[in-house]
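Undergrad:
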Amino acid sequence: MARKLPAALVTRLLQEGLGPRAIVEHLRVHEGVEVSPQAISTFRKRHTTVPAQHSTRRVIPWEVRPEHRSSTYRRAVLAFHRRAEGRTLTGEERRNLDHVERTLRETGQVITYHPDEGWLLVPARPGIDTGIVREPEAAMTDQAVHATTMHPTTPQHGAAAAGAAAAAGQVEAAGTRLDPWFGAYAQRAHGMRASEIRALFSVANRPEVVSLAGGMPFIQGLPLEVIGEAMRRLITTKGATALQYGSGQGDEELRERILEVVALEGITDAHPDDVVVTTGSQQALDLVTRIFVDPGDLILAEAPSYVGALGVFRSYEAEVAHIEMDAEGLIPEALERTLVEARAAGKTVKFLYTIPNYHNPAGVTLSLDRRHQVLEICRRFGVLVVEDNPYGLLGFDREPLPAMRAFDNEGVLYLGSFSKTFAPGYRVGWVIAPHAVREKLVLASESSILSPSNASQMAITTYLETCDWKGQIKAYRELYRERRDAMIGALSEHLPSATWNVPDGGFYVWVGLPEGLDARSMLPRAVTERVAYVPGTAFFYDGQGADHMRLSFCYPTPERIREGVRRLSGVVNAEADLVQLFGTHAERDEDPRDAEYPSPDLA
-8 MARKLPAALV TRLLQEGLGP RAIVEHLRVH EGVEVSPQAI STFRKRHTTV
42 PAQHSTRRVI PWEVRPEHRS STYRRAVLAF HRRAEGRTLT GEERRNLDHV
92 ERTLRETGQV ITYHPDEGWL LVPARPGIDT GIVREPEAAM TDQAVHATTM
142 HPTTPQHGAA AAGAAAAAGQ VEAAGTRLDP WFGAYAQRAH GMRASEIRAL
192 FSVANRPEVV SLAGGMPFIQ GLPLEVIGEA MRRLITTKGA TALQYGSGQG
242 DEELRERILE VVALEGITDA HPDDVVVTTG SQQALDLVTR IFVDPGDLIL
292 AEAPSYVGAL GVFRSYEAEV AHIEMDAEGL IPEALERTLV EARAAGKTVK
342 FLYTIPNYHN PAGVTLSLDR RHQVLEICRR FGVLVVEDNP YGLLGFDREP
392 LPAMRAFDNE GVLYLGSFSK TFAPGYRVGW VIAPHAVREK LVLASESSIL
442 SPSNASQMAI TTYLETCDWK GQIKAYRELY RERRDAMIGA LSEHLPSATW
492 NVPDGGFYVW VGLPEGLDAR SMLPRAVTER VAYVPGTAFF YDGQGADHMR
542 LSFCYPTPER IREGVRRLSG VVNAEADLVQ LFGTHAERDE DPRDAEYPSP
592 DLA
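Using this note's numbering, read the sequence shown as starting at -8 and increasing by one per residue.
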């Protein structure tokens, strides 16, 4: 006969910070009670009112601010103290703590904490620092650097360890102490924190690592000698203009050329005056958000959505509601349901942000029928559509679908870019907008950058005039199709336990992991094995998506893609074995503000 669950004991163990699996083990060994982790989780939800930070205060002898509670270092310090007190660690806690201790021993550092600066790494003091943690009071005057990641390292991959340690030590080497201007920052700046993922990419970009992370076009596929000669002639003949200030709206000749490009996607009613040239479409998105969004306003975006967009929305203190997608893109019924709920809650919805073609990161395309449905719903609710379309010309098996802007010239702002179809280094994008909106965008752009680069604009114009840019896009489509096929084939061979879509254009495959695996927690181990990806959590405003990862096939060669997936499969399979042995990852206490900000590594 099973014994009754000892409620008082379970409550005490929960207050001490033990997770469900550790409590199950404790009850089995010490009390002779057999229960499931699910039973403990249910008990916790129904019978306890333990503050989220209670276990932290019991185990870590100093106060940790709420904005610092999602750090990987905090989890390591918690595990370190729990182990020192003789408490039982979960399998995930043991693995992470072992990894951190090994890394810190090799880099000669320890972890400490500052309430303003967060979790920090400081040099270990021989004979004094015997563990991985130094009490904060002893570290206040030490030079320190932000602790944003577990630097992946194993003895056989010392180069990766050295790269991570060097990346973490750049500030310290320069002699910089804790930020004296911390209290002067605007409130919104306190949410701008580099994450664990970003810091790992300082190692992931090393040549021995196969990066399946970044969305970089294959620049080597361009006719670089031809382009180089054209740029030389441009500066020789028009250098005085190219190197001077220009128009805040952008060069008129380039705006005319942009209309030739968007005509391939059915936008034939726009005028050059409707175009605002920007420093990449990232600035275009920033300008649109700047002129429309007040703090607390609601923006709708697909689930998942582009990390760069979410970073912009966060910087303007917007709220984001994610809309479900399926194989045909954004689901109109889910959009309408969210709008009804927002209206009932009295929330102001400023716009729908969507990537309808070869979505980043999901890889899906919004069907033609759904484009009309989405536009009709947004018209009915008076919601602007912001259409971000960097990949529209990069389909593998068909001609481009008409842009949403082709069906509505007043309710859609169209964002475009030359970064994916030509060269991101020139940083040239654009917005096509109605007259009144265009005027606001120009004023906002002039107040921040005066004018986009004349040299970059004239270089793009020269390329469009003198090179076979349509033929180049066709060549890119074939090249990326080959690489997509290499990735899908490698996934089928090496990772049959995962799920994925087969994109018919763009740069990305959205991979679902086997049950119980956490892409974010797994990333340091992946980089240790010399392969990188972007965890799905980067693409959700609220920290969801840990069971997915984005893989990019645009930049590595087919051979490197196959090798990268092979390495990744070893990491996934090893992690799956550990999960099967120890159980799933402990529930992460993510802070929704602790998210990715735009960077070239994640674009």
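From the three backbone atoms N, C-alpha and C, an ideal C-beta is built for every residue, glycine too.
(1) Going by the beta-carbon positions, is the gap between Ala312 and Val284 smaller than 8 Å?
(2) Taking the C-alpha atoms as reference points, what is the distance between Trp172 and Arg305?
(3) Considering Asp379, what are the terminal residues of the beta strand (DSSP E) in which it resides?
(4) Please classify Glu506 as buried or exposed, where buried requires at least 16 neighbouring CB atoms within 10 angstroms.
(5) Between Gln463 and Gly237, which are expected to be in contact by the criterion C-beta below 8 Å, what is the C-beta distance as a whole number of angstroms?
(6) Return the bridge partner residues of Met449 from the DSSP annotation.
(7) Short of 6 Å in beta carbon distance, which residues of its chain neighbour Ala138, apart from the five on each side in sequence? Order them along the chain.
(8) According to the neighbour-count rule (16 or more other Cβ atoms, all chains shown, within 10 Å of its Cβ), is Gln273 buried or exposed?
(9) Taking Cβ positions, are Ala394 and Glu378 nearer each other than 8 Å?
(10) Please look up how many angstroms separate the CB atoms of Leu5 and Arg35, rounded, as I've assumed it's under 8 Å.
(11) Whole-angstrom Cβ separation of Gly496 and Gly386, contact assumed at under 8 Å?
(12) What are the boundary residues of the alpha helix (DSSP H) that Met222 is part of?
(13) Kindly give me the distance between the Cβ atoms of Tyr405 and Arg396, rounded to whole angstroms, as I take these residues to be in contact under 8 Å.
(14) Helix or strand or just coil, what does DSSP make of Asp285?
(15) What would DSSP say about Phe531, mapped onto helix, strand or coil?
(16) Which runs of the beta strand (DSSP E) fall wholly inside the region 496 to 547 and span at least 3 residues, in chain order?
(17) To the nearest angstrom, how far is it from the Cα of Ile604 to the Cα of Pro114?
(18) Distance, Cα to Cα, Arg223 vs Ala446?
(19) Sort Gly320, Arg3, Ala233, Ala180 by Cα distance to Thr452 and report the nearest one.
(20) Within its chain, find whatever has a CB closer than 8 Å to the CB of Ala(-1); leave out the 5 residues flanking it on each side and keep chain order.
(21) CB-CB under 8 Å to Leu289, same chain, minus the five flanking residues each way: which ones, in chain order?
(22) As a quick exercise: from Ile210, His426, Tyr297, Glu456, pick the residue whose alpha carbon is nearest that of Leu225.
(23) May I have the straight-line CA-CA distance separating Thr19 from Asp509, to the nearest angstrom?
(24) From Lys327 to Gly219, what does the alpha carbon distance come to, in whole angstroms?
(25) Please list, in chain order, all residues of the same chain as Pro11 whose beta carbon is under 6 Å from its beta carbon, the five residues on each side excluded.
(26) For the putative contact between Gly527 and Arg516, defined by C-beta atoms under 8 Å, what is the C-beta separation to the nearest angstrom?
(27) Going straight from the alpha carbon of Phe398 to that of Glu84, what length do you get?
(28) Just to check my reading of the structure: Val522 and Arg558 have Cβ atoms closer than 8 Å, yes? What is that Cβ distance to the nearest angstrom?
(29) Suppose the cutoff is 7 Å on Cβ atoms and the five residues either side in sequence are ignored; what does the same chain contact list for Ala450 look like?
(30) Comparing C-alpha positions only, which one of Thr227, Thr270, Ile258 sits nearest to Asp242?
(31) Return helix, strand or coil for Tyr344, following the three-state DSSP convention.
(32) Is it the case that the Cβ atoms of Val563 and Leu504 are separated by a distance below 8 Å?
(33) Compute the beta-carbon to beta-carbon distance between Val376 and Thr345, rounded to the nearest angstrom, for a pair I have assumed lies under 8 Å.
(34) Excluding the 5 residues flanking Ser488 on each side, which residues of the same chain have their C-beta closer than 6 Å to its C-beta?
(35) Once DSSP output is grouped into helix, strand and coil, what is the label at Val200?
(36) Take Thr519 as the anchor and find which of His90, Leu441, Leu278 has the nearest alpha-carbon.
TA: Looking at the coordinates:
(1) Taking the first residue of the sequence shown as position 1, residue 312 is located at position 321. Taking the first residue of the sequence shown as position 1, residue 284 is located at position 293. No, Cβ-Cβ distance for Ala312 and Val284 is not below 8 Å.
(2) Counting from one through the sequence shown, the residue named residue 172 turns up at place 181. Counting from one through the sequence shown, the residue named residue 305 turns up at place 314. Between the alpha carbons of Trp172 and Arg305 lies a distance of about 22 Å.
(3) Translated into positions along the sequence shown, residue 379 becomes position 388. That run of the beta strand (DSSP E) goes 375 to 379.
(4) In the sequence shown, counting from the first residue as 1, residue 506 sits at position 515. Classification for Glu506: exposed.
(5) Position 472 of the sequence shown, counting from 1, holds the residue named residue 463. Position 246 of the sequence shown, counting from 1, holds the residue named residue 237. Rounded to whole angstroms, the Cβ separation of Gln463 and Gly237 is 26 Å, and the two are not in contact under 8 Å.
(6) Position 458 of the sequence shown, counted from the start, is the residue given in the question as residue 449. As far as DSSP is concerned, Met449 takes part in no beta bridge.
(7) Here residue 138 refers to the residue found at position 147 of the sequence shown. In this prediction, Ala138 scores a pLDDT of 39, lower than 50, which makes its location untrustworthy; the coordinate-derived value is nonetheless stated afterwards. Result list for Ala138: Tyr64, Trp110, Leu111, Leu112, in chain order.
(8) Counted from its first residue, the sequence shown places residue 273 at position 282. Per the 10 Å Cβ criterion, buried.
(9) Looking up residue 394 in the sequence shown gives position 403. Looking up residue 378 in the sequence shown gives position 387. Glu378 is positioned such that its CB atom lies closer than 8 Å to that of Ala394.
(10) Working through the sequence shown from its first residue, we reach residue 5 at position 14. Working through the sequence shown from its first residue, we reach residue 35 at position 44. That pair is a contact at about 6 Å.
(11) Looking up residue 496 in the sequence shown gives position 505. Looking up residue 386 in the sequence shown gives position 395. Contact between Gly496 and Gly386 is confirmed by a C-beta separation of about 4 Å, below the 8 Å threshold.
(12) Sequence index remark: in the sequence shown, residue 222 carries index 231 (1-based). Going by DSSP, Met222 is part of the alpha helix (DSSP H) stretching over 215 to 233.
(13) In the sequence shown, residue 405 corresponds to position 414, counting from 1. In the sequence shown, residue 396 corresponds to position 405, counting from 1. That belief holds up - the Cβ atoms of Tyr405 and Arg396 are roughly 4 Å apart, short of 8 Å.
(14) Stepping through the sequence shown from its first residue, residue 285 is reached at position 294. Coil.
(15) Here the question's residue 531 lines up with position 540 in the sequence shown. Phe531: coil per DSSP, three-state reduction.
(16) Counting only runs of 3 or more, we get 499 to 503, 539 to 543.
(17) As shown, the chain starts at -8 and ends at 594. That puts residue 604 outside it, with no answer to give.
(18) The count along the sequence shown starts at 1 and reaches residue 223 at position 232. The count along the sequence shown starts at 1 and reaches residue 446 at position 455. Straight through space, the alpha carbons of Ala446 and Arg223 are spaced by roughly 12 Å.
(19) As a working mapping, residue 452 is identified with position 461 in the sequence shown. When only C-alpha atoms are compared, the closest one is Ala233.
(20) On the sequence shown, residue -1 is found 8 positions in, with the first residue counted as 1. Nothing meets the Cβ criterion.
(21) Working through the sequence shown from its first residue, we reach residue 289 at position 298. The beta carbon of Leu289 sits closer than 8 Å to those of Ala309, Glu310, Val311, Ala312, Ala333, Lys338, Thr339, Val340, Lys341, all from its chain and outside the five residues before and after it, given in chain order.
(22) Here residue 225 is taken as the residue at index 234 of the sequence shown, counted from 1. Leu225 has its Cα closest to that of Glu456, out of Ile210, His426, Tyr297, Glu456.
(23) To locate residue 19, count along the sequence shown from 1; it is residue 28. To locate residue 509, count along the sequence shown from 1; it is residue 518. As written in the sequence, residue 19 is Arg, which differs from the Thr given in the question. Between the C-alpha atoms of Arg19 and Asp509 there is a straight-line separation of about 27 Å.
(24) What you label residue 327 is simply residue 336 of the sequence shown in a count that begins at 1. What you label residue 219 is simply residue 228 of the sequence shown in a count that begins at 1. According to the sequence as given, residue 327 is Glu; it is not Lys. Using only the alpha carbons, I get a separation of about 50 Å.
(25) The residue labelled residue 11 in the question sits at position 20 within the sequence shown. Correct list, in chain order: Pro28, Ile31, Ser32.
(26) Your numbering for residue 527 matches position 536 in the sequence shown. Your numbering for residue 516 matches position 525 in the sequence shown. Not quite, the Cβ-Cβ distance comes to about 16 Å (not below 8 Å), so this is no contact.
(27) What you label residue 398 is simply residue 407 of the sequence shown in a count that begins at 1. What you label residue 84 is simply residue 93 of the sequence shown in a count that begins at 1. Phe398 and Glu84 have their C-alpha atoms some 53 Å from each other.
(28) In the sequence shown, residue 522 corresponds to position 531, counting from 1. In the sequence shown, residue 558 corresponds to position 567, counting from 1. Correct: roughly 4 Å between the Cβ atoms.
(29) Reading the sequence shown from its first residue, position 459 is the one you call residue 450. Correct list, in chain order: Met222, Leu225, Tyr417.
(30) Within the sequence shown, the letter at position 251 stands for residue 242. Measuring C-alpha to C-alpha distances from Asp242 to each of Thr227, Thr270, Ile258 identifies Thr270 as the nearest.
(31) For the purposes of this step, residue 344 is identified with residue 353 of the sequence shown, where counting begins at 1. It is a strand residue.
(32) Reading the sequence shown from its first residue, position 572 is the one you call residue 563. Reading the sequence shown from its first residue, position 513 is the one you call residue 504. Inclusion of Val563 and Leu504 in the CB contact set at 8 Å is warranted, their separation being smaller than that value.
(33) In the sequence shown, counting from the first residue as 1, residue 376 sits at position 385. In the sequence shown, counting from the first residue as 1, residue 345 sits at position 354. Contact holds; Cβ gap of about 7 Å.
(34) Mapped onto the sequence shown, residue 488 falls at position 497. So the qualifying residues of the chain are Pro505.
(35) As a working mapping, residue 200 is identified with position 209 in the sequence shown. Here Val200 carries a coil assignment [DSSP, helix/strand/coil].
(36) Here residue 519 refers to the residue found at position 528 of the sequence shown. Considering only alpha carbons, the answer is His90.
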